[in-house]
Amino acid sequence: DGYRNTNLYQGGRAANQVSDDYRYQDGNYEGYAPNDGYYRGGDEPAHEEDAQSDVTEGHDEDDEVYEGEYQGIPHPDDIKEKQKKRAPAADDEYRDRADLMAERMEDEEQLAHQYENIIEECGHGRFQWTLFFVLGLALMADGVEVFVVGFVLPSAEKDMCLSSSNKGMLGLIVYLGMMVGAVMLGGLADKLGRKQCLIISLTINAAFSFLSSFVQGYGFFLFCRLICGLGIGGSLPIVFAYFSEFLSREKRGEHLSWLCMFWMIGGIFASAMAWSIIPHYGWGFSMGTKYHFHSWRVFVLVCSLPCIASLVALKFMPESPRFLLEIGKHDEAWMILKQVHDTNMRAKGEPERVFTVSYIKTPKQVDEFIEIQSSTGTWYQRWLVRITTTFKQVWDNVLYCLTAQYRMNTLMLAVVWFTMALSYYGLIVWFPDMIRYFQEEAYESRVKIFDEEEVSHFTFNFTLENQIHRNGEYRRDKFIGMKFKEVRFEDSLFEECYFEDVTSSETFFENCTIISTVFYNTDLYEHKFINCRLINSTFLEEKEGCHLDFEEDNDFLIYLVSFLGSLSVLPGNIISALLMDKIGRIKMIGGSMLISAVCCFFLFFGNSESAMIGWQCLFCGASIAAWNALDVITVELYPTDKRATAFGILNGLCKFGAILGNSIFSSFVGITKVVPILLASSALVGGGLLALRLPETRDQVLM
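Residues in the sequence shown are numbered from 832 upward in steps of one, following our numbering.
Laid out in structure tokens, this is it:
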């Protein structure tokens, strides 16, 4: 009975615990068991077999043990080991949470310095460059996504019969998805891991980008682009957090800046593909009159390739060891760091060099997620609890970024991100719109006007473009297999005319009288006849849907503008990469934003297409250094378990600034240049001056 009452037995042993711990027998310390997480082999003492009860003889190790069943006499050393395991848990249970957090902070500081030394020992070589190109493809996909909608909009608006409001929504919906995705998936990356969340982000983007190239309806296409934005927006904060955790302090600023070049490459790729594919209207197919797969859909399909390539390559890359250490997975992190070391040493021709690290400090785990047993509730209840718990942890991380320790830095960074996005994305949209406005003005200046012409018994079978016909009379004329582009008929008479297989763009009949005229298989719909009198006229088999019939001559210039704008950031990328660790992040942000503000004032002199293209290239080249420095300092200001969350919040705010910038700046096209220029320059000056008050981070280790 005494041995069955374990509490009584343990109480008796506790008094002699100190002496038993160091009892020496047969040359071994019997009571000491190293608590390092590694298995120590050895023969079990013979007296443990003697301690087994005859009652339990015949039981399998896997046999179920029922409560109250006699388990034999426990060995004293087994009880002592259980006491040691229970002691830390009991202590933590009664300790104040603030004390546990203070201990965790101390552990994180020790880990930060040790991890920096480990990364320096691993060196910078083949592994980092491989990861550089894999993550670069993900960043390239982000750059492509920004340009896709702008390039396909002129074609999609005719293919889907888009109104002006629909076009505006299609242009903004991607940024809305990016805003939500950056906050949501950035927060999840601090809980589920960098690699896993990046795979989720890229999978979402690739799947819905592929799907959007095939859908026909505007609503479904809008939804697909929204989800595409959600996926690609989530990848941006993860990419920078992921790559920074494989870089040493001396390499971090420079190589994160080199990584930013892939955003530029994405813009160049999108511009080149649009230029090569979209104008070729024949690159597609049709299935009846309802389903059309035109060349702009081929372009959307091609633009998903960088995302798919990054997704495949990411499968062969490991998780961030810094993240694994943060959640207490010491052995997995150690194996990955050893892989990094060995890969780099083999590439340097020094395979004999040994990874000398044997133990890495891991922070104390305060919030431990307890796995739900499979017998608890139904499957959806278990998943609901898991999802709710995870999102609560993400929300706690968001709130942590606004605590006293990080509040001021977060607010200042938020203002800098927002002002930079408002001016940059606003002007990026404003430049092409202004160029298009100049083109339209030049096009309208070349309009041909025909007054009081009389035509009878004539067959029109050619294209009429950019013409105005006033007070004309057309009797017994035929309009067969022809195209109208930017043609207006005002106060004209059509009598006994015949229209067959006619397509039109921006063509209208105003105050016309149409008598005994037949319209067969045309797209001259009712809304194109403004205040007209239709007498004994017939419309037969009108064309259905919208038709892409005209290749815009100025499309080439629009693609060229985007191409040059993307290419112009190359000098800024190179300069920022080479100087990031020399002059610091703060001076880079402030200087770049102030120079960009000066460039804005020169836009007052942009009164032609060529001048506007030149100032756009200058502005993009000057502002890219600020973007690169913002990415670097945001990564370095926050600890590992909050890094992707903070980056996601700030990047989401950046996309909100982009939405406002697009909406505000585009509304002033053709009205005035003063408001966009003053708004952009003042935002850049304010953000640049505020950035100078941020703390410099180039000499600190990643916490």
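All residues carry an ideal CB built from backbone N, CA and C; glycine is no exception.
**OP:** Could you tell me the distance, in whole angstroms, from the CA atom of residue 1235 to the CA atom of residue 1242?
**Re:** Locating residue 1235 in the sequence shown gives position 404, counting from the first residue. Locating residue 1242 in the sequence shown gives position 411, counting from the first residue. Distance from the CA atom of residue 1235 to the CA atom of residue 1242, rounded to whole angstroms, is 11 angstroms.
**OP:** Quick one: measure Cβ to Cβ for residue 1264 and residue 1291, integer angstroms, because I've assumed they're closer than 8 angstroms.
**Re:** Indexing the sequence shown from 1 puts residue 1264 at position 433. Indexing the sequence shown from 1 puts residue 1291 at position 460. Actually they do not touch by this definition, with Cβ atoms about 35 angstroms apart.
**OP:** Using three-state DSSP, classify residue 1027 as helix, strand or coil.
**Re:** In the sequence shown, residue 1027 corresponds to position 196, counting from 1. Looking at residue 1027 - three-state DSSP - the assignment turns out to be helix.
**OP:** Determine the direct distance from the alpha carbon of residue 1254 to that of residue 1068, and round the result to whole angstroms.
**Re:** Within the sequence shown, the letter at position 237 stands for residue 1068. Within the sequence shown, the letter at position 423 stands for residue 1254. Straight-line Cα distance between these residues: approximately 21 angstroms.
Original post:
In chain order, what residues of the same chain lie with their CB nearer than 8 angstroms to the CB of residue 1440, ignoring the 5 residues before and after it?
Top reply: Taking the first residue of the sequence shown as position 1, residue 1440 is located at position 609. If we look at residue 1440 and ignore the five residues flanking it on each side, its Cβ neighbours are 1266, 1269, 1270, 1388.
Original post:
Between residue 1210 and residue 1224, what straight-line distance do the alpha-carbon atoms span, to the nearest angstrom?
Top reply: Position 379 of the sequence shown, counted from the start, is the residue given in the question as residue 1210. Position 393 of the sequence shown, counted from the start, is the residue given in the question as residue 1224. Separation of residue 1210 and residue 1224 (C-alpha to C-alpha, rounded to the nearest whole angstrom) is 21 angstroms.
Subject >> Given residue 1245 as reference, the closest of 1398, 1462, 1450, 1295 once Cα atoms are compared >> reply: Taking the sequence shown and counting its residues from 1, one reaches residue 1245 at position 414. Residue 1245 has its Cα closest to that of 1462, out of 1398, 1462, 1450, 1295.
Original post:
Skipping 5 residues on each side, what residues in its chain have a beta carbon closer than 6 angstroms to that of residue 1184?
Top reply: The residue given as residue 1184 occupies position 353 in the sequence shown. Hits under 6 angstroms: 1176.
**OP:** Would you mind sorting residue 960 into buried or exposed? The rule is 16 or more other CB atoms within 10 Å of its CB.
**Re:** Taking the sequence shown and counting its residues from 1, the one referred to as residue 960 is at position 129. The Cβ neighbour count for residue 960, taken over all protein chains shown within 10 Å, is under 16; the residue is labelled exposed.
Subject >> C-beta contact flag for residue 1339 and residue 1316 at 7 angstroms >> reply: On the sequence shown, residue 1339 is found 508 positions in, with the first residue counted as 1. On the sequence shown, residue 1316 is found 485 positions in, with the first residue counted as 1. Contact flag unset, no.
Subject >> Cβ-based neighbour list, residue 1511, same chain, cut-off 7 angstroms, excluding 5 preceding and 5 following >> reply: Position 680 of the sequence shown holds residue 1511. Only 1254, 1257, 1258, 1431 meet the Cβ criterion.
Original post:
Secondary structure at residue 1125, three-state DSSP: helix, strand or coil?
Top reply: Residue 1125 sits at position 294 when you count from the first residue of the sequence shown. Residue 1125: coil per DSSP, three-state reduction.
**OP:** Give a yes or no on whether the C-beta atoms belonging to residue 1424 and residue 1088 are separated by under 7 angstroms.
**Re:** As a first step, residue 1424 must be located in the sequence shown, where it is residue number 593. As a first step, residue 1088 must be located in the sequence shown, where it is residue number 257. The answer is no: Cβ separation not under 7 angstroms.
**OP:** Quick one: measure Cβ to Cβ for residue 1012 and residue 1062, integer angstroms, because I've assumed they're closer than 8 angstroms.
**Re:** Translated into the one-based positions of the sequence shown, residue 1012 becomes position 181. Translated into the one-based positions of the sequence shown, residue 1062 becomes position 231. Between residue 1012 and residue 1062 the beta-carbon gap is near 6 angstroms, inside 8 angstroms, which marks them as a contact.
Subject >> Cut-off 6 angstroms between Cβ atoms - residues of its own chain near residue 1052, not counting five sequence neighbours on either side >> reply: For the purposes of this step, residue 1052 is taken as residue 221 along the sequence shown, with counting starting at 1. Once the five neighbours on either side are set aside, the close Cβ partners of residue 1052 are 1043, 1046.
Original post:
If residue 1187 and residue 976 are in contact, beta carbons under 8 angstroms, what's the gap, nearest whole angstrom?
Top reply: The residue you call residue 1187 lines up with position 356 of the sequence shown. The residue you call residue 976 lines up with position 145 of the sequence shown. Rounded, the Cβ-Cβ distance is 44 angstroms, inconsistent with contact.
**OP:** Specify whether the segment 1124-1141 and the segment 1005-1024 touch according to this definition: at least 3 beta carbon pairs, one from each stretch, less than 8 angstroms apart.
**Re:** Put simply, the segment 1124-1141 does not touch the segment 1005-1024. Fewer than three CB pairs are less than 8 angstroms apart.
**OP:** Taking all protein chains shown into account, decide if residue 1373 is buried (16 or more other Cβ within 10 angstroms of its Cβ) or exposed.
**Re:** By one-based count along the sequence shown, residue 1373 stands at place 542. Of the other Cβ atoms in all chains shown, fewer than 16 fall within 10 Å of the Cβ of residue 1373; this residue is therefore exposed.
**OP:** Would you mind giving the Cβ-Cβ distance between residue 1523 and residue 1417, rounded to the nearest angstrom? I have them listed as a contact below 8 angstroms.
**Re:** As a working mapping, residue 1523 is identified with position 692 in the sequence shown. As a working mapping, residue 1417 is identified with position 586 in the sequence shown. The Cβ separation is near 6 angstroms, so the contact holds.
Original post:
Would the segment 1438-1456 and the segment 970-987 be scored as touching if the rule is three or more Cβ pairs under 8 angstroms?
Top reply: Taking a contact to require three or more Cβ pairs closer than 8 angstroms, the segment 1438-1456 and the segment 970-987 do not qualify as touching.
Subject >> Option in 1356, 1331, 1023 with minimal Cα separation from residue 1150 >> reply: Taking the sequence shown and counting its residues from 1, the one referred to as residue 1150 is at position 319. Residue 1023 is the option with its Cα nearest to residue 1150.
**OP:** Can you give me the start and stop residues for the alpha helix (DSSP H) that residue 1219 sits inside?
**Re:** Position 388 of the sequence shown holds residue 1219. 1210-1231 is the span of the alpha helix (DSSP H), which, as asked, contains residue 1219.
Original post:
So who's on the other strand from residue 1298, going by DSSP bridges?
Top reply: The sequence position of residue 1298 within the sequence shown is 467, counting from 1. According to DSSP, which records beta bridges pairwise, residue 1298 is partnered with 1279, 1318.
Original post:
In three-state DSSP terms, what is residue 1506?
Top reply: Position 675 of the sequence shown holds residue 1506. Helix.
Original post:
Between the C-alpha atoms of residue 1427 and residue 1421, what's the straight-line distance to the nearest angstrom?
Top reply: Taking the sequence shown and counting its residues from 1, one reaches residue 1427 at position 596. Taking the sequence shown and counting its residues from 1, one reaches residue 1421 at position 590. CA-to-CA, the gap between residue 1427 and residue 1421 works out to about 10 angstroms.
Original post:
Are the CB atoms of residue 1319 and residue 1344 nearer to each other than 7 angstroms?
Top reply: On the sequence shown, residue 1319 is found 488 positions in, with the first residue counted as 1. On the sequence shown, residue 1344 is found 513 positions in, with the first residue counted as 1. Cβ distance not < 7 angstroms, so residue 1319 and residue 1344 don't count as in contact.
Subject >> Alpha-carbon to alpha-carbon, residue 1065 and residue 1015 >> reply: The residue given as residue 1015 occupies position 184 in the sequence shown. The residue given as residue 1065 occupies position 234 in the sequence shown. So the alpha carbons of these two residues sit roughly 7 angstroms apart.
Original post:
With 16 as the cutoff for other CB atoms within 10 Å, does residue 1528 come out buried or exposed?
Top reply: Stepping through the sequence shown from its first residue, residue 1528 is reached at position 697. Classification of residue 1528: buried, given that the 10 Å Cβ count is 16 or more.
Original post:
What did DSSP end up calling residue 1139 once you bin it into helix, strand or coil?
Top reply: In the sequence shown, counting from the first residue as 1, residue 1139 sits at position 308. Three-state DSSP puts residue 1139 in a helix.
Original post:
With distances taken from CA atoms, which of 1084, 958, 1498, 964 is nearest residue 1460?
Top reply: On the sequence shown, position 629 is the one that residue 1460 refers to. Looking at the Cα atoms, 1084 is the closest of the given residues.
Subject >> Coarse secondary structure for residue 852, derived from DSSP in three states >> reply: Taking the first residue of the sequence shown as position 1, residue 852 is located at position 21. Bear in mind that the predicted position of residue 852 carries a pLDDT of just 39, short of 50, making it unreliable; the figure below should be weighed with that in mind. If DSSP states are grouped into helix, strand and coil, residue 852 belongs with the helices.
Original post:
Under the three-state reduction of DSSP, which class applies to residue 1351: helix, strand or coil?
Top reply: The residue given as residue 1351 occupies position 520 in the sequence shown. The answer is strand: DSSP assigns residue 1351 an E or B state.
**OP:** Identify, in the order they occur along the chain, each residue of the same chain with its Cβ nearer than 7 angstroms to the Cβ of residue 1075, setting aside the five sequence neighbours on each side.
**Re:** Start at 1 with the first residue of the sequence shown, and residue 1075 comes out as number 244. The answer, listed in chain order, is 1083, 1087, 1466, 1533.
Original post:
residue 1286 lies in the beta strand (DSSP E); which residues open and close that run?
Top reply: Position 455 of the sequence shown holds residue 1286. That run of the beta strand (DSSP E) goes 1285-1287.
Subject >> Which residues DSSP lists as bridging residue 1329, in chain order >> reply: If you number the sequence shown from 1, residue 1329 lands on position 498. BP columns for residue 1329 point to 1309, 1349.
Subject >> Endpoints, the beta strand (DSSP E) within which residue 1364 is located >> reply: Against the sequence shown, residue 1364 aligns to sequence position 533. Counting along the chain, the beta strand (DSSP E) containing residue 1364 begins and ends at 1364-1366.
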